[in-house]
Each structure stands twice: as C-alpha cells, then as structure tokens.
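Each position in the sequence shown, counted from 1, maps to that position plus 3 in this note's numbering.
Ideal Cβ placement from N, Cα and C applies to all residues, glycine included.
One structure below.
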Amino acid sequence: MARDRNPAEFTKEMRKTHTILVPMMLPIHFKIIEQVLIQYGYHVKVLETDGRRVVDEGVKNVHNDTCYPALLVIGQMIDALKSGEYDPDKTALMITQTGGGCRASNYIYLLRKALKQSGFENVPVISINFANLGNKSGFALTPSLLMRLLYAVLYGDLILWLSNQCKPYEKNKGDTNQMIDKWVKELCRQLSSLSFIRTGTNYRRIVEDFASIPRVKAHKPRVGVVGEIYMKYAPLGNNHLEDFLIAEGAEPVVSGVLDFLMYCLKNNVVDVDLYGQKRGRKALCNTALAIVQHWQNKMIKAVKKYSNFRAPTPFSELVTLVDGFIGMGTKMGEGWLLTAEMLELIHSGVNNIVSAQPFGCLPNHIIAKGMSRKVKDRYPQANIVAVDYDPSATPINQENRLKLMLANAKLAEEMENTPKMVAKPLVDMSEPNQEKQPVKQA
4 MARDRNPAEF
14 TKEMRKTHTI
24 LVPMMLPIHF
34 KIIEQVLIQY
44 GYHVKVLETD
54 GRRVVDEGVK
64 NVHNDTCYPA
74 LLVIGQMIDA
84 LKSGEYDPDK
94 TALMITQTGG
104 GCRASNYIYL
114 LRKALKQSGF
124 ENVPVISINF
134 ANLGNKSGFA
144 LTPSLLMRLL
154 YAVLYGDLIL
164 WLSNQCKPYE
174 KNKGDTNQMI
184 DKWVKELCRQ
194 LSSLSFIRTG
204 TNYRRIVEDF
214 ASIPRVKAHK
224 PRVGVVGEIY
234 MKYAPLGNNH
244 LEDFLIAEGA
254 EPVVSGVLDF
264 LMYCLKNNVV
274 DVDLYGQKRG
284 RKALCNTALA
294 IVQHWQNKMI
304 KAVKKYSNFR
314 APTPFSELVT
324 LVDGFIGMGT
334 KMGEGWLLTA
344 EMLELIHSGV
354 NNIVSAQPFG
364 CLPNHIIAKG
374 MSRKVKDRYP
384 QANIVAVDYD
394 PSATPINQEN
404 RLKLMLANAK
414 LAEEMENTPK
424 MVAKPLVDMS
434 EPNQEKQPVK
444 QA
C-alpha cells in the first residue's frame, strides 16, 4: 500500500478545538479511560455505535481480505464522521497499536487510506503505541497520565470480573449494571485527584458492594471466553457474546486485559533471551512486569478476603501453565497467552470454552484451533468451540454453535452427576465440519 507522506497531524493547538473519537473495545474500562483523558484536556468521545451499518461502512472502505477487527474499527470511525454529529474539520481519531507482527501495526495506514477515499483526509489520526508509529505531537502520554490509565485498566478488570459473577444470578434485573455505573462514576471522580492510589480501600469497597447484590443460589454452567483481544472483549466484534451466554443460562468467565499487558511485557523479556537484544530493555520490562503483577496480586487478595467470589489467577501462575504445550516465543495471534488462558480455565474447573476468532487473522486461527486439539488431547473433558466472526457470517450460525456447546456442557454435567445413566455421545466442537459426528466415550 502506498503511504501518504504528509498525513494530517494532531497538533498541540488541536487539543482545544478537536473532538477525539475512540472506537469501543472494553465498555467498562473505556468509560473510565474516556474521563481520564477528558481530565487531561482532551475532548474525547468513545464510540458506542453498533449494528450492520458499521459493518457495511467497514466493508466499503477496507479490503475484504483484511482482518475483521480492522474492518470494524475503521467502519465505526468512518460511520461517525459521516453521521453529521461531528465536524470533520474539528475531529481527530485515536487508535491503539501493538507494533508487533499483527496487522494492527498497519491499522493507521489502512485508516488513512479509508479516510482519503471517503473525503476525510484532513482528519488527523493519533496512534497510541510504543513502537514510534504515526505522528502525534499534540498528544503527550505523560507518566502521570500513563499511571492513571493503568489504574483505570486495573479497576476495570476487577469490575468486569465481579460483574460476570453477579449478573447471571441477580434477583433484581439491572442491579449489577447500576453497581457498575456507580463505581465507574466514583473512580472517574477519584482519578481527577490522587485518591485513586488507595487501592486497598477501593478494592475492599468494590468487592463488598458487588457482594451485597442480592443473588439467587443456582447452578449454571460456566463458559470461558478466549480469543483475539478485540473479538474477546468488544461487543461489536463478538455480537454481544457475554449477554448471549447470560441469556442462555450460563455464566461467562472473562479474564481481564491486564493479563494481555503483562503478556506484552513478558514477550519483550523473552525476546532478549531469544534474539540477544539490549539487556537494559529486559531489566526495564522485568521491573514494569513486577510492578503490574504486584497490583494484580493485591486485587486478587482483596477478592479472596472480602467475598466468596472466585478470584482471578495470578499472571505468574498463568505463565507456568504453557510448559510442554507451546513455546514462549510464539507471539502472533495472541500466541502462548491464548493457550495459557484455555489451560487456566480448565484448571479452574471451567471446561466450557469459546474461542472467538476473527476472519482474516490467520495466526489466531492457527494458534486457537491448533492448540485446542492439543489441549483436548490432554484434557478430554474440555468442551471447546471455535466461533468465527466475519462480515458475511450471520449471528444465527454463531449462536447455533454456542447453543450446541452449551448443550454439550449440560449433558456432561448430567453424566457426571448421574454415573449410572447410559452415556450419550458428545459432539466434537473442534471443527465445524465435524459437528454431527459423535465421539466415542471412553
């Protein structure tokens, strides 16, 4: 792709005049992050548009062989610019990039090409990354801003983890969402001062507040969600997967995004060992990793101490699970982390797993489907279903695969609770073309 040699740049003067549009990925986290950026003088708006119109806009402006997350992110932003709600001459766009081998490293060029062919080439694009991608002289990721963003992720992870253990069981529909809104508002207030650093107090209050939500005592199958990071978290990408699982009588189990951040830090450490890069980089990443792990461990201790909720698994334990399964140098398509998350779920008693896979991300398909087979060979009780998401896929096909997985989950529980019953054949969900082939029981 030919690159624009003089792309529109977000300047310091634009901080006062421009609205910055951000595509949605993590609903809870991004509400907090939005307010943090506003407090630092940026006029930020997180886009919550949904539906077929966004997909169609992406298809129109992005090559159909490009990965589905890029199509959705770009489609959502172009749709917003065409809506008439924002003045293109006073609007900027913001995206995040890992800078690795993922196609996300090319998002900024794909987005600029889409902007040009849609008549918005004067709209600046801000890329948040640590790989020196794109011009953003008007946006400064200062240490104090970075710290607040990390705390926003930390608190967002805790709320996400607790809310998924409350929402499927709440006696009064809407109680969990009200509690989420309460704490998002409170944390946004705290992040405008230094009170947000009182993590011990905040953890206890958050955990106790969610524990106070009236819940029914019912047994529901737990379903873990893994996959490509955007498809795993973004309701637009996975067709509101968490809501669907809850509506079908299941409890979604979704790990926080902090694990992904630590995964990126760990990869930098591994790269030094594998490729002989600068030792200073390894020391810096190890220090950052230790700090973030300390924050996570404090959160885990609070969940255990102040409630009966299940606590997340520490990242330090997650790393050890992949030994004998996959090399730590495998980083593309969420690499070894995806395998680690599947193994952690099984070790935690969550045998039902949805692997959300985007069209156009070949590494993710290789890692997810390839390692699913190896995991199932080691743990035959694993009930893993791969669900593909792409512009042409109808929700009904995705929902049917999910319903079949849930039927398998309920059947497995019946067989476990009634040892003397005649065993019915389970359905192998590892490959779409094997859906109707029974698997012989041992």
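Among 362, 405, 377, 373, nearest to residue 395 - alpha-carbon criterion: It is 362.
Give every residue of the same chain whose Cβ lies closer than 6 Å to the Cβ of residue 316, excluding the five residues on either side of it in the sequence, and list them in chain order. 347
Three-state secondary structure (DSSP) at residue 332? coil
Take residue 439 and list the residues in its own chain whose beta-carbon comes closer than 7 Å to its own, dropping the five residues that flank it on each side. Here the model assigns residue 439 a pLDDT of 47, short of 50, so the residue's position is not dependable, and the following value carries that caveat. Result list for residue 439: empty, nothing under 7 Å.
Where does residue 21 land, buried or exposed, given buried means 16+ other C-beta within 10 angstroms? Label assigned to residue 21: buried.
Start and end residues, beta strand (DSSP E) containing residue 226: 225 to 230
Inter-residue CB distance, residue 158 and residue 197 (contact presumed, cutoff 8 Å): Not confirmed; about 15 Å, so no contact.
Have a look at residue 419 and residue 353 and give me their C-alpha separation to the nearest angstrom. 14 Å
7 Å CB neighbourhood of residue 19 in its chain, flanking five on each side removed: none
With distances taken between CB atoms, is the gap from residue 2 to residue 78 smaller than 8 Å? Here the chain has residues from 4 to 445 only, and residue 2 is not among them.
Those runs of the beta strand (DSSP E) which lie wholly inside the segment 365 to 426 and span at least 3 residues: 386 to 392
Going by other Cβ atoms of all chains shown within 10 Å of its Cβ, with 16 needed for buried, is residue 36 buried or exposed? buried
With a Cβ-Cβ cutoff of 8 Å, do residue 402 and residue 247 count as a contact? yes
Taking the C-alpha atoms as reference points, what is the distance between residue 128 and residue 113? 11 Å
With three or more C-beta pairs closer than 8 Å as the rule, is the segment 376 to 383 touching the segment 402 to 413? no
Beta-carbon within less than 7 Å of residue 14's beta-carbon, same chain only, minus the 5 sequence neighbours each way: which residues are those? 140, 141, listed in sequence order.
Cβ-based neighbour list, residue 38, same chain, cut-off 6 Å, excluding 5 preceding and 5 following: Cβ neighbours of residue 38 beyond the five flanking positions: 191.
Helix or strand or just coil, what does DSSP make of residue 360? strand
To the nearest angstrom, how far is the alpha carbon of residue 235 from that of residue 180? Taking the straight line from one Cα to the other gives about 20 Å.
Let's see if you can read the secondary structure: which residues bound the alpha helix (DSSP H) around residue 307? 282 to 309
Residue 256 - partner residues in DSSP beta bridges: DSSP output for residue 256 lists 227 as bridge partner(s).
From 88, 186, 116, 322, residue whose alpha carbon lies closest to that of residue 34: 186
Rounded to whole angstroms, what is the Cα-Cα separation between residue 371 and residue 84? 35 Å
Nearest candidate by alpha-carbon position, reference residue 447, set 172, 281, 392, 311: In the structure as shown, the chain begins at 4 and stops at 445. Residue 447 is therefore absent and cannot be evaluated.
Spatial distance of residue 442 from residue 289 (CA atoms): Any reading at residue 442 needs caution, since the residue's pLDDT is 49, under 50, leaving its predicted position unreliable; the model's value is listed next. Their Cα atoms are separated by approximately 45 Å.
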